[in-house]
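Trainee:
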Amino acid sequence: MVEALIVDAVRTPRGLGKPEGRLASLHPQHLLSQLLRALVERTGIDPAEIDDVIAGVNTQQGKQGLNLARMAALDAGFPFTVPGFSLDRFCGSGLTALTLGAMGVQSGAQHMVVAGGVEQMSHTRTLSREFMLDSGNLELRCRIPQPHQGICADLIATLEGFERAELDALAYESQQRAARAMAEGRFDKSLVPVRSPGGEILLDREQYPRPGTTLEALAGLRPAFEAFFDREIDEDGTTFGQLVRQVYPDTQIRYMHTAATSSGVVDGAAALLVTSAEYARAHDLKPRARIRAVATVGDDPTLMLNGPVPAARRALALAGMELG
6 MVEALIVDAV RTPRGLGKPE GRLASLHPQH LLSQLLRALV ERTGIDPAEI
56 DDVIAGVNTQ QGKQGLNLAR MAALDAGFPF TVPGFSLDRF CGSGLTALTL
106 GAMGVQSGAQ HMVVAGGVEQ MSHTRTLSRE FMLDSGNLEL RCRIPQPHQG
156 ICADLIATLE GFERAELDAL AYESQQRAAR AMAEGRFDKS LVPVRSPGGE
206 ILLDREQYPR PGTTLEALAG LRPAFEAFFD REIDEDGTTF GQLVRQVYPD
256 TQIRYMHTAA TSSGVVDGAA ALLVTSAEYA RAHDLKPRAR IRAVATVGDD
306 PTLMLNGPVP AARRALALAG MELG
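Here this note's numbering is used: the first residue of the sequence shown is 6, the next is one more, and so on.
1) Can you name, in chain order, every residue of its own chain whose Cβ lies under 8 Å from the Cβ of Leu220, other than the five neighbours on each side?
2) Quick check: the Cα distance between Gly70 and Gly166, rounded to an integer number of angstroms?
3) Indicate the three-state DSSP secondary structure (helix, strand or coil) for Val279 in the structure shown.
4) Would you mind stating whether Thr64 and Gly273 have Cβ atoms separated by less than 9 Å?
5) Considering only the beta carbon of each residue, do His128 and Gly67 sit closer than 9 Å?
6) Could you check how far apart the C-beta atoms of Val62 and Glu8 are, in whole angstroms? I think they sit under 8 Å.
7) Compare the beta carbon distance of Arg19 and Gln251 with 9 Å and say whether it is the shorter of the two.
8) How is Asp57 classed by DSSP in three states: helix, strand or coil?
9) Give me the residue from Pro198, Pro202, Ser30, Pro216 with the minimum Cα distance to Ala188.
10) On a Cα-Cα basis, can you pick out the residue from Gly190, Leu28, Leu44 that is closest to Leu278?
11) Can you tell me whether Thr263 is helix, strand or coil according to DSSP?
12) At which residues does the alpha helix (DSSP H) containing Val314 begin and terminate?
13) At which residues does the alpha helix (DSSP H) containing Met108 begin and terminate?
Next up, the structure:
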């Protein structure tokens with residue numbers, strides 16, 4: 006198997022995924038295309054030799070619809086011969102793009118791939134879209150209930166025995182680590198300032214983290230998803246709570262997740278340059294990392310959010326590694 010290397014990795018600073026966010030005025034194609042150009046400028050590669058551009062794009066509607074990856078490549082000024090495609094695996098879309106890019110290189114079918122992702126939540130939050138994962142397939146819903154993500158998070162925390170204070174402590178530690186990393190310039194190598202079409206810098210530093218967060222402030226936040234339990238999801242009055250009860254009839258969910266311990270609402274993009282070891286040597290490219298193994302694993306769809314656990318275990322096993 007051909008060795009796959011990550012030669013470079015770039016990303017935009019994260020803007021607030023709201024109308025007042027610094028990146029909200031940009032088209033998502035522009036977000037990704039600026040990173041594509043940055044990879045070329047930083048590494049000196051010939052873009053004509055890129056075998057594919059793969060972009061993970063969640064919610065492929067509106068500005069993020071159709072083939073955003075190909076449009077971003079064209080917007081970046083890449084030759085018409087450079088193809089691109091978008092994929093959607095929800096939160097794992099960008100990581101799946103990297104996985105497919107690595108597989109293409111490892112198979113020997115490709116020598117250089119750009120893989121990454123983009124999401125402009127300031128845009129997707131305005132869309133009218135299907136909010137049920139089963140897309141209205143009632144027969145599937147009856148057999149395999151899939152409730153709201155937030156309820157899943159609280160259900161997992163309940164089943165695993167976590168306490169609200171533990172979640173708040175993790176959120177606080179995460180904010181402190183982010184603050185230290187920014188102060189020490191640990192993100193500087195990868196961050197690419199985002200510009201408007203006219204060249205004005207829109208964002209050159211993180212807009213999302215809240216370094217001034219305190220444990221007291223976190224403790225005062227209300228649970229974010231309790232109201233979803235009784236939310237009706239169809240004309241028959243079925244609720245998310247009823248879906249949960251089909252699988253966990255005796256479990257009393259303890260609502261712990263707040264806005265501070267949930268995924269952020271942000272705008273941003275990232276891109277990585279993946280090449281074969283042979284291509285990197287031939288073009289004097291210095292790799293930042295080597296891809297030893299990749300893995301994708303499904304998990305209980307009623308809990309939904311636990312998929313990274315078996316996937317991480319399989320990837321470690323394939324790489325001959327273990328936690329420790």
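A virtual CB, placed ideally from N, CA and C, is assigned to each residue, including glycine. Note that the coordinates shown come from a computational prediction; the quantities given were computed from them, not determined experimentally.
Mentor: Working from what's here:
1) Excluding positions up to five away in sequence, the list reads Asp173, Ala174, Tyr177.
2) Spanning the two alpha carbons is a distance of roughly 40 Å.
3) In the structure shown, Val279 sits in a strand (DSSP, three-state: E or B).
4) Contact flag unset, no.
5) Yes, Cβ-Cβ distance for His128 and Gly67 is below 9 Å.
6) Wrong, their Cβ atoms sit about 28 Å apart, outside the cutoff.
7) Result no, Cβ atoms of Arg19 and Gln251 do not sit closer than 9 Å.
8) Three-state result, Asp57: strand.
9) For the residues Pro198, Pro202, Ser30, Pro216, the minimum Cα distance to Ala188 belongs to Pro216.
10) Distances from the CA of Leu278 to each of Gly190, Leu28, Leu44 were compared; the closest alpha carbon is that of Leu44.
11) Coil.
12) According to the DSSP assignment, Val314 belongs to the alpha helix (DSSP H) that extends over 313 to 324.
13) Per DSSP, Met108 belongs to the alpha helix (DSSP H) from 98 to 111.
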